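In what follows, a single structure is set out as structure tokens and then discussed.
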Amino acid sequence: MPFVEVSTSTGIIKFHYTISTPTCASAQTIDPKLPVVLFFHAFAFHTIFHSQFSDGLLRKFNLVVFDLRWHGFTESDTIPIVYGQEQAAEDAIAFMDAVQLPPCHFVAIDIGSMIALQVAVTRPKYVRSILIMSHICLEETPSVAEGRTELYNLFISGDPGAMKDVSLGYHQYAFSNRMSNLTKAISADASRTNLKNWAPNHFKEYRLAAYDIFLRRKAHSQQALSRISCPVKLLYGTNSVVYSPDYSHRLFESMQQATLEVSLHAVLNAPHYLCVDHANVCVLFTTHVVPYLTWYS
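The sequence shown runs 1 to 297 under UniProt numbering.
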């Protein structure tokens, strides 16, 4: 498993990452002749893009994914008391620089969406296009904030029986409690890693990286959004129990008013984490994310 160590204004991070090329599922470097698709994973599920990395069409390109701070196998010496989208974007930029990635096509979901969008605002030249699935790029809604707080309090309660309720809550959040064999496998794998990362001696880090970051997030102004210089595609699942379609439409309209090249698409019957059992969305985003598809077909 490759790692790269970076130093940012908020500490030292040892990022775990994967590079897949057409000839190697776990390569040391990208193929410089091919476009790069950089994935920003969801909260608590660092392997959420399993289906995409197994897709023959996408494997024609460089696919890169990295574990966020206090997720997966990424290691960090600390985390600042204030850790929001700006600090997380700084981490992502440091990772891109460390592994010498060229401007990339971003694919992001859930917590990854606000980080990817922040990078696009801060460093527009780093981004060639953005596909955002199930965004959380606006302020948190009161109802979802209440649910996050309930799950957070259960998680740190120390009550062994509470973990069953936490698991049920996160499955509802991610998959609307419709669990396929694949989502069950991904969930089981993620749970083992999360319980290690967020053990009682790391409850502080859990709060900062997996709770506060959601409640503190802010929407971008139209002036900030106008800095984005690439096309944007937004996808949302119609079966999400987390956010209503209006939440996606609000971001879409804000981007339109900022004169971005943006489109919005609904994925029928898909949950919030729509990229697992609805992996056919690959067809939607591949032709957008890598507009040079026909060159390599």
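Ideal placement from N, C-alpha and C gives every residue a C-beta, glycine not left out.
Only a predicted model underlies this, so the values are computations on that prediction, with no experimental measurement involved.
Between Met133, Phe106, Lys33, which lies nearest to Ala279 when the distance is taken from Cα to Cα?
Here residue 279 corresponds to residue number 279 of the sequence shown, with the count starting at 1. For Ala279, the nearest C-alpha among the options comes from Met133.
Within a Cβ cutoff of 6 Å, which residues of the same chain sit near Asn194, ignoring the five residues on either side of it in sequence?
On the sequence shown, position 194 is the one that residue 194 refers to. The residues are Ala44.
Tell me, which residues are paired with Glu75 by DSSP?
As a working mapping, residue 75 is identified with position 75 in the sequence shown. In the DSSP output, where bridge partners are listed per residue, Glu75 has Lys14.
Report the three-state DSSP secondary structure of Tyr296 (helix, strand or coil).
Taking the sequence shown and counting its residues from 1, the one referred to as residue 296 is at position 296. Residue placement at Tyr296 is flagged as unreliable, the pLDDT there being 38, under the threshold of 50; a coordinate-derived value is accordingly withheld.
Which of the three DSSP states is assigned to Asn280 in this structure?
Translated into positions along the sequence shown, residue 280 becomes position 280. Three-state result, Asn280: coil.
Quick one: Cα of Arg227 to Cα of Ala89, how far?
What you label residue 227 is simply residue 227 of the sequence shown in a count that begins at 1. What you label residue 89 is simply residue 89 of the sequence shown in a count that begins at 1. Taking the straight line joining both Cα atoms gives about 15 Å.
What is the DSSP secondary structure of Val267, reduced to helix, strand or coil?
Translated into the one-based positions of the sequence shown, residue 267 becomes position 267. Looking at Val267 - three-state DSSP - the assignment turns out to be strand.
Spatial neighbours of Thr75 within its chain, please: C-beta separation below 6 Å, excluding the five flanking residues on both sides.
Numbered from 1 along the sequence shown, position 75 holds the residue referred to as residue 75. It is Glu, not Thr, that sits at residue 75 in the sequence shown. Closer than 6 Å at the Cβ level, and outside the excluded window around Glu75, lie Lys14.
With DSSP run on the structure shown, which of helix, strand or coil describes Glu5?
Indexing the sequence shown from 1 puts residue 5 at position 5. Here Glu5 sits in strand by DSSP.
Straight-line CA distance for Leu293 to Pro102?
As a working mapping, residue 293 is identified with position 293 in the sequence shown. As a working mapping, residue 102 is identified with position 102 in the sequence shown. Legend: pLDDT at Leu293 = 42, less than 50; position of this residue unreliable, value from coordinates given subsequently. Each residue's alpha carbon lies about 18 Å from the other.
I think His265 touches Leu225, with their Cβ atoms under 8 Å apart; what is that distance to the nearest whole Å?
Counting from 1 along the sequence shown, the entry for residue 265 is found at position 265. Counting from 1 along the sequence shown, the entry for residue 225 is found at position 225. Actually they are not in contact, since the Cβ atoms of His265 and Leu225 sit about 19 Å apart, beyond 8 Å.
Measuring straight from C-alpha to C-alpha, what distance separates Ala270 and His16?
For the purposes of this step, residue 270 is identified with residue 270 of the sequence shown, where counting begins at 1. For the purposes of this step, residue 16 is identified with residue 16 of the sequence shown, where counting begins at 1. Approximately 29 Å, taken between the alpha carbons.
Pick out the complete alpha helix (DSSP H) segments inside the stretch 120-182, 4 residues or longer, and give them in chain order.
Those alpha helix (DSSP H) runs which fall completely within the stretch 120-182 and span 4+ residues are 142-155, 162-175.
Taking all protein chains shown into account, decide if Gly84 is buried (16 or more other Cβ within 10 angstroms of its Cβ) or exposed.
Working through the sequence shown from its first residue, we reach residue 84 at position 84. It counts as buried.
In angstroms, rounded to a whole number, what distance separates the CA positions of Asn62 and Phe40?
Here residue 62 refers to the residue found at position 62 when the sequence shown is read from its first residue. Here residue 40 refers to the residue found at position 40 when the sequence shown is read from its first residue. Going from the Cα of Asn62 to the Cα of Phe40 covers about 15 Å.
Within its chain, find whatever has a CB closer than 7 Å to the CB of Ser297; leave out the 5 residues flanking it on each side and keep chain order.
Taking the sequence shown and counting its residues from 1, one reaches residue 297 at position 297. Note that Ser297 scores 34 on pLDDT, short of 50, meaning its location in the model is unreliable; the coordinates nonetheless yield the value given after this. No residues qualify anywhere along the chain.
What are the complete alpha helix (DSSP H) segments, minimum 4 residues, inside the stretch 179-225?
You should have 181-197, 203-207, 222-225.
Put Phe61 into one of helix, strand or coil per three-state DSSP.
Mapped onto the sequence shown, residue 61 falls at position 61. It is coil, neither helix nor strand.
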